[in-house]
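Sequence order for the protein chains is C and H.
Numbering of the first sequence is given in UniProt numbering, commencing with residue 1 and proceeding in unit increments.
Numbering of the second sequence is given in UniProt numbering, commencing with residue 1 and proceeding in unit increments.
There are 2 protein chains.
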Amino acid sequence: MDTDTKDLFIGIDLGGTFVKIGCFNESMEMLSKISVPTDDQHPKVTLNSVVNALASLVRQAGLQLENIKAAGIGCPGVLDTKKGVIITSPNLPMYKGFAISRFVSEKIHAPCVLENDANVAGWGEYVLGAAEDVDDMVLLTLGTGIGGAVITDGKLIHSAGNSAAELGHIIIFPEGRECGCTQRGCAETYASATATAKRANEMLEEGAVSSLQNIFIERGEVSCKEVYEHAAQGDKFAYEITELTAKVIGLLCVDIFSYSNPDKIVFSGGMIAAGQTLLDRISFYFNKFIRKDINVKIEFCFANLREDSGIIGSAALARDTFCLV
Amino acid sequence: MDTDTKDLFIGIDLGGTFVKIGCFNESMEMLSKISVPTDDQHPKVTLNSVVNALASLVRQAGLQLENIKAAGIGCPGVLDTKKGVIITSPNLPMYKGFAISRFVSEKIHAPCVLENDANVAGWGEYVLGAAEDVDDMVLLTLGTGIGGAVITDGKLIHSAGNSAAELGHIIIFPEGRECGCTQRGCAETYASATATAKRANEMLEEGAVSSLQNIFIERGEVSCKEVYEHAAQGDKFAYEITELTAKVIGLLCVDIFSYSNPDKIVFSGGMIAAGQTLLDRISFYFNKFIRKDINVKIEFCFANLREDSGIIGSAALARDTFCLV
């Protein structure tokens, strides 16, 4: 690959508060990046700022807008990725029905691909991050919910209905807790960071004996981070809460193995701050529940692109969609 | 597509008792077919018969071996599809480690693709059968076990480990019945034809009140077919057995929806003899358990290639792998 080429690839990470924009060369080295605030009025206001910011980014890199070969946009919510339209996005209500790919594409005179944020992060880890050494991978994001991206034989799983890789809504306990999606017993409703804290808070409210009670009494709630900290410090109640989280993720990984049999499952999202213990306990439960009649080879690890994964992943997706090198 | 072309595509369906062979033109019209017995000694004995049979099939079609453009082989078991090697196959122990694609390819002087039987059947339904009108589909085979094939964006899901689409081993009840694979609560261990009969037999043994008791006392066991027949005739016990089967398949379909969001789930295998009632009850439980927060569009139907699905699917896979038309 010729890294002296002047081809540029743009990654745009559309968030509820900020839009991050990154400018990359063909080898996905970041040349410059910037953030602009998300305007809460019309998408065109924000996107015009994005395009203006882009022009200065490109100049910073010593190049011109004409050098842009393609752009990728990562966005949460339900998307029509084929048409490049945002159908609905909870944190970006003003983008409902907006044909964002066409708008950006016309401004920069280059093709533009739209993809949901989990898929973008997954593609980034696959091409340049924790899974760059394998062919088949799954990304699980452990945050407010549990999101996912599935890559098999070098391709992101999509589908006509745009609801593929909703891995947090795999049902673990059919008669279990009610999930925000209305199903019962989804993985997400036990094992996301939010759900882990919620389970702790419910039992602290009922008087559970725990070193977390002081925080709970003072502030009315504890965070997932605090639950993991107290578990690490030896609090039995906090440990049991985190064990159920690990058990549910372990069971989810068993189902992921049976469905698409990835070489690696990569974890990202706020909860990975819990560190190696989290991976160890997920592995423990995976090994406990997985079939023993065949040779099971799988690796668990953390994402390593971190806060720039959205712009790296969407720029890489733009390159790999339009300009396979 | 020019149907007057003399290009031939061969489908080979390798079974424990018979090998079925079909000869197709480019439009996948069957020109001739034949079966040869599976020799229980060396694979080469059987495959030499297959190649001889093939020569006469081709002559029957008024053509020559030189017209063969590609062949596909469908086979149960664990396969290395990239190398065309049968790793292990329970009903074909003598094929263990045999490089079948290379052997057949050298005999017919044409490329040869190896694929597991469920994937072959799935590809057949996708290209020429019940799912020919959609882009994304899943096949579920309901027989001795529950097998699967997943097609997204026009491609069969594979994986490095060759264990993708083992949909019968998605866990429905984490603390449930032990499955043949050693996991607990797999869909297969409740809802395959074999498991459905087994659950009935266990309870009949314990004295369950049912019109099936006469058969059970006389023969020591009832079949899945009989359970469905008695359920249809109004036997309450038999109905409850079939309801749990439908509930488990419904829950499995919820997980399938979340994972790869197919347009259609196509059912095949012996149990589909139960007919429309089976589909209706699966739909009932799917609709009961599926999320209500998004627009869910999915169709359930039966496979329609039936007994020739193995040879049609493998011939179509050969055409689509080597000679995309």
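We put the CB at the ideal spot given by N, CA and C, even for glycine.
Being a predicted model, the structure only gives us computed values, none of them experimental.
In the three-state reduction of the DSSP assignment, H:Thr-5 falls in the coil class.
DSSP, reduced to helix, strand and coil, places C:Cys-75 within a strand of the structure shown. Counting only the Cα atoms, C:Phe-216 lies some 8 Å from C:Asn-201.
Inclusion of C:Lys-33 and C:Gly-22 in the CB contact set at 8 Å is warranted, their separation being smaller than that value. Annotation: the continuous beta strand (DSSP E) that includes C:Cys-23 extends over 18-24.
Under the three-state reduction of DSSP output, C:Pro-111 falls in the coil class, being neither helix nor strand. Neighbours of H:Lys-292 in chain C, taken as residues whose beta carbon is under 7 Å from its own, are Thr-182 in chain order. Think of a sphere of 9 Å around the beta carbon of C:Ile-171: the chain H residues whose beta carbon falls inside it are Ile-172, Leu-251, Val-254, Asp-255, Ser-258 and Phe-289, in chain order. The DSSP-derived three-state label of C:Glu-166 is coil. Interface annotation, H:Thr-152: in contact with chain C, CB-CB separation under 8 Å.
Between the alpha carbons of H:Phe-24 and C:Lys-83 lies a gap of roughly 38 Å.
Counting only runs of at least 4 residues, the stretch 195-232 of chain C fully encloses the following alpha helix (DSSP H) elements, listed from N- to C-terminal order: 213-219 and 224-232.
C:Met-137 is bridged by DSSP to C:Ile-151 and C:Lys-264. In this structure, the CA atom of C:Arg-281 is about 12 Å from the CA atom of C:Glu-240. From the beta-carbon of H:Leu-167, the residues of chain C found nearer than 8 Å are Ser-258 and Tyr-259. For the pair H:Thr-152 and C:Ile-73, the Cα-to-Cα distance works out to about 22 Å. In this model, C:Pro-43 and C:Ser-35 are separated by some 16 Å (Cα to Cα). Distance from the Cα of H:Leu-79 is smallest, within the candidate group H:Ile-10, H:Tyr-95 and H:Phe-173, for H:Tyr-95. Cβ proximity to chain C below 8 Å picks out Val-78 from the stretch 75-100 of chain H. Pairing C:Gly-250 with H:Leu-65, the inter-Cα distance amounts to about 52 Å. For C:Pro-43, the uninterrupted alpha helix (DSSP H) run begins and ends at 43-60, by DSSP. The alpha carbon of C:Arg-219 has as its nearest neighbour, out of C:Glu-205, C:Ile-68, C:Asn-304 and C:Tyr-228, the alpha carbon of C:Glu-205.
For the pair C:His-230 and H:Thr-196, the Cα-to-Cα distance works out to about 46 Å. Sequence-distant Cβ neighbours of C:Thr-141 in its own chain, meaning closer than 6 Å and more than five residues away, are Ala-118, Gly-147, Ser-268 and Gly-269. Annotated as proximal: H:Phe-302 and H:Ile-272, with beta-carbon spacing under 8 Å. Judged by their CB atoms, C:Thr-277 and C:His-158 are not nearer to each other than the 8 Å cut-off.
H:Leu-279 and H:Val-134 have their C-alpha atoms roughly 19 Å apart. Burial state of C:Pro-90 is exposed, judged by a 10 Å Cβ sphere holding fewer than 16 other Cβ atoms. Counting along the chain, H:Lys-33 sits inside no alpha helix (DSSP H); it lies in the beta strand (DSSP E) bounded by residues 30-37. Annotated as proximal: H:Lys-69 and H:Leu-8, with beta-carbon spacing under 8 Å. Its chain contains Ala-316 as the residues whose beta carbon lies nearer than 6 Å to that of C:Val-127, once the 5 sequence neighbours on both sides are disregarded; these appear in chain order.
Under the three-state reduction of DSSP, C:Lys-83 is assigned to coil, being neither helix nor strand. C:Gly-275 is bridged by DSSP to nothing; it lacks a bridge partner. Per DSSP, reduced to three states, the secondary structure at C:Leu-156 is strand. Between the stretch 164-179 of chain H and the stretch 255-263 of chain C, the count of C-beta pairs closer than 8 Å reaches three or more; the two stretches touch.
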